[in-house]
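Sequences listed follow chains L and P, in order.
Here the first sequence stands for residues 1 to 191, where the numbers follow full-length UniProt numbering.
Here the second sequence stands for residues 1 to 191, where the numbers follow full-length UniProt numbering.
All residues carry an ideal CB built from backbone N, CA and C; glycine is no exception.
Quick notes on the structure that follows.
2 protein chains.
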Amino acid sequence: MASTDKPADPEYRSSSSSPAPVDYFKFDVILRFLLFAASVVAIVVMVTSEQTETILFNGFPLRRPAKFRYSPAFIYFVVAFSVSGLYSLISALASISVIKKPDLKLKFLLHFLFWDALVLGIIATATGAAGGVAYIGLKGNDHVGWQKVCKVYDKYCRHIAGSLAVALFGSVVAVLLIWLSAYSVHSRVPK
Amino acid sequence: MASTDKPADPEYRSSSSSPAPVDYFKFDVILRFLLFAASVVAIVVMVTSEQTETILFNGFPLRRPAKFRYSPAFIYFVVAFSVSGLYSLISALASISVIKKPDLKLKFLLHFLFWDALVLGIIATATGAAGGVAYIGLKGNDHVGWQKVCKVYDKYCRHIAGSLAVALFGSVVAVLLIWLSAYSVHSRVPK
Numbered sequence: 001m002a003s004t005d006k007p008a009d010p011e012y013r014s015s016s017s018s019p020a021p022v023d024y025f026k027f028d029v030i031l032r033f034l035l036f037a038a039s040v041v042a043i044v045v046m047v048t049s050e051q052t053e054t055i056l057f058n059g060f061p062l063r064r065p066a067k068f069r070y071s072p073a074f075i076y077f078v079v080a081f082s083v084s085g086l087y088s089l090i091s092a093l094a095s096i097s098v099i100k101k102p103d104l105k106l107k108f109l110l111h112f113l114f115w116d117a118l119v120l121g122i123i124a125t126a127t128g129a130a131g132g133v134a135y136i137g138l139k140g141n142d143h144v145g146w147q148k149v150c151k152v153y154d155k156y157c158r159h160i161a162g163s164l165a166v167a168l169f170g171s172v173v174a175v176l177l178i179w180l181s182a183y184s185v186h187s188r189v190p191k
Numbered sequence: 001m002a003s004t005d006k007p008a009d010p011e012y013r014s015s016s017s018s019p020a021p022v023d024y025f026k027f028d029v030i031l032r033f034l035l036f037a038a039s040v041v042a043i044v045v046m047v048t049s050e051q052t053e054t055i056l057f058n059g060f061p062l063r064r065p066a067k068f069r070y071s072p073a074f075i076y077f078v079v080a081f082s083v084s085g086l087y088s089l090i091s092a093l094a095s096i097s098v099i100k101k102p103d104l105k106l107k108f109l110l111h112f113l114f115w116d117a118l119v120l121g122i123i124a125t126a127t128g129a130a131g132g133v134a135y136i137g138l139k140g141n142d143h144v145g146w147q148k149v150c151k152v153y154d155k156y157c158r159h160i161a162g163s164l165a166v167a168l169f170g171s172v173v174a175v176l177l178i179w180l181s182a183y184s185v186h187s188r189v190p191k
């Protein structure tokens with residue numbers, strides 16, 4: 001069954017050096033840079049979340065700081081997005097380097113699909129872990145006596161919330177990257 | 001550039017009804033059933049985690065239960081794995097239904113790749129969120145005064161830990177599903 005919904009392209013089957021019917025590759029580069037930007041912003045906003053407040057402890061005023069590194073979930077968050085930031089930068093540069101080589105594009109997309117899936121798994125768990133802990137900070141948990149912290153550490157919590165929003169956006173971009181790769185491959189596979 | 005590392009297959013380019021060089025499709029079915037099994041086990045172990053213990057509250061003994069639904073993160077966990085359980089069952093049955101139709105396989109793999117990525121995102125965030133909360137339950141957090149609960153609710157915490165281990169396995173299976181789809185497509189794309 002020959003392809004019917006594409007412009008006539010006699011070289012398509014005999015050589016892969018012909019241009020793709022529709023080139024989604026520039027979106028791939030854009031998405032990778034978006035993931036890089038999201039990773040950097042998420043890390044910076046998280047790391048700069050420090051806030052010191054005076055709280056009453058047994059009647060005495062006490063200066064107590066809140067730092068992101070007090071929570072293992074937030075540390076994992078920063079590590080995970082460092083990995084995704086580094087990966088997305090490298091893969092974006094690699095993506096640019098093959099943008100002029102159509103016969104390498106498909107191979108590139110399929111190889112990076114492996115890593116995209118892994119990075120999605122890493123940043124999605126990190127976003128979930130940080131989100132779960134942040135939610136306890138915001139709402140507390142009466143059943144086990146965990147108190148809210150966001151009433152006192154308002155700026156700290158705003159930073160965490162902002163970082164989480166950007167992280168969620170980054171996770172969506174990672175899903176879109178996989179979708180785009182699948183769709184690009186789909187449009188080049190013989191029907 | 002013709003393919004050189006495959007057995008001669010004159011129909012390969014003109015018709016997609018020829019058999020694939022190596023058929024990874026049965027692994028796809030197996031992985032989907034594995035994801036289904038992991039989802040069901042994770043939900044059951046999480047839901048059956050209830051434990052009631054006597055704790056001292058202001059000197060008075062008090063019977064207090066621990067339930068999974070006391071934590072929003074665990075509720076999200078159960079919802080997310082219900083989605084992945086339902087999805088993996090449906091996609092496994094769909095996968096079986098096309099196993100005898102080679103010309104539909106590639107299309108099937110590419111379409112389900114979209115959903116696989118989405119489900120991976122959902123269950124990875126759920127595993128992360130539940131893991132983040134469970135870690136606080138296990139270790140507490142001295143900086144904000146959140147106490148450990150696993151010393152008292154030992155059976156409860158074992159259930160949560162078991163459920164999380166199975167959930168992590170399920171997330172790895174979801175990554176493998178994407179890898180397998182990408183690899184299967186890769187082996188069928190003209191070189």
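Distances from the CA of residue 92 of chain P to each of P/186, P/165, P/162, P/31 were compared; the closest alpha carbon is that of P/31.
Excluding five sequence positions before and after residue 74 of chain L, the CB atoms of its chain that fall closer than 8 Å to its own CB belong to 46, 68, 130, 133, 160, given in chain order. In the three-state scheme derived from DSSP, where H, G and I count as helix and E and B as strand, residue 48 of chain L is classed as coil.
Residues 35, 116, 119, 120, 123 of the same chain have their beta carbon placed closer than 7 Å to that of residue 174 of chain L, with the five preceding and five following residues left out of the count. Under a criterion of Cβ atoms nearer than 8 Å, the residues of chain L adjacent to residue 141 of chain P are, in order, 70, 71.
The bridge partners DSSP lists for residue 65 of chain P are P/52. The beta carbon of residue 177 of chain P is closer than 6 Å to those of 31, 116 in its chain, skipping five residues each way along the sequence. By the Cβ rule, the stretch 132-150 of chain L counts as touching the stretch 50-70 of chain P, because three or more pairs are nearer than 8 Å. Between residue 163 of chain L and chain P, the shortest Cβ-Cβ separation is not below 8 Å. The Cβ atoms of residue 180 of chain P and residue 77 of chain P lie no closer than 8 Å to each other. For the stretch 68-133 of chain L, not one full-length beta strand (DSSP E) segment reaches 3 residues or more.
The residue from P/57, P/102, P/126 with its alpha-carbon nearest to that of residue 171 of chain P is P/126.
Spanning the alpha carbons of residue 187 of chain L and residue 106 of chain P requires a straight line of approximately 12 Å. At a cut-off of 8 Å between beta-carbon atoms, residue 156 of chain L makes no contact with chain P. When 7 Å is used as the limit between beta carbons, residue 179 of chain L is near these residues of chain P: 114, 117, in chain order. In terms of CA proximity to residue 80 of chain L, P/128 leads the group P/128, P/182, P/157, P/29. Out of P/183, P/29, P/39, the CA that lies nearest to the CA of residue 169 of chain P is found in P/39. According to DSSP, residue 57 of chain L shares a beta bridge with L/60. For the pair residue 53 of chain P and residue 153 of chain P, the CB atoms are nearer than the 8 Å cut-off. In terms of CA proximity to residue 167 of chain P, P/83 leads the group P/51, P/59, P/83, P/56.
At a Cβ-Cβ threshold of 8 Å, residue 151 of chain P and residue 139 of chain P do not count as neighbours. For residue 120 of chain L, the closest Cβ of chain P is nearer than 8 Å. Take the alpha-carbon of residue 57 of chain P and the one of residue 41 of chain P: they are about 35 Å apart. Within the stretch 39-54 of chain P, no residue has a Cβ lying closer than 8 Å to any Cβ of chain L. By the beta-carbon neighbour count (other beta carbons within 10 angstroms, threshold 16), residue 59 of chain L is exposed. The beta-carbon distance between residue 109 of chain P and residue 184 of chain P, rounded to whole angstroms, is 6 Å. This is short enough to meet the 8 Å contact definition. Among the CB atoms of chain L, one or more fall inside 8 Å of the CB of residue 171 of chain P. Contacts with chain L at 8 Å (Cβ-Cβ) do not include residue 59 of chain P.
Here residue 37 of chain L is actually not in contact with residue 113 of chain P; their C-beta atoms are around 25 Å apart, not less than 8 Å.
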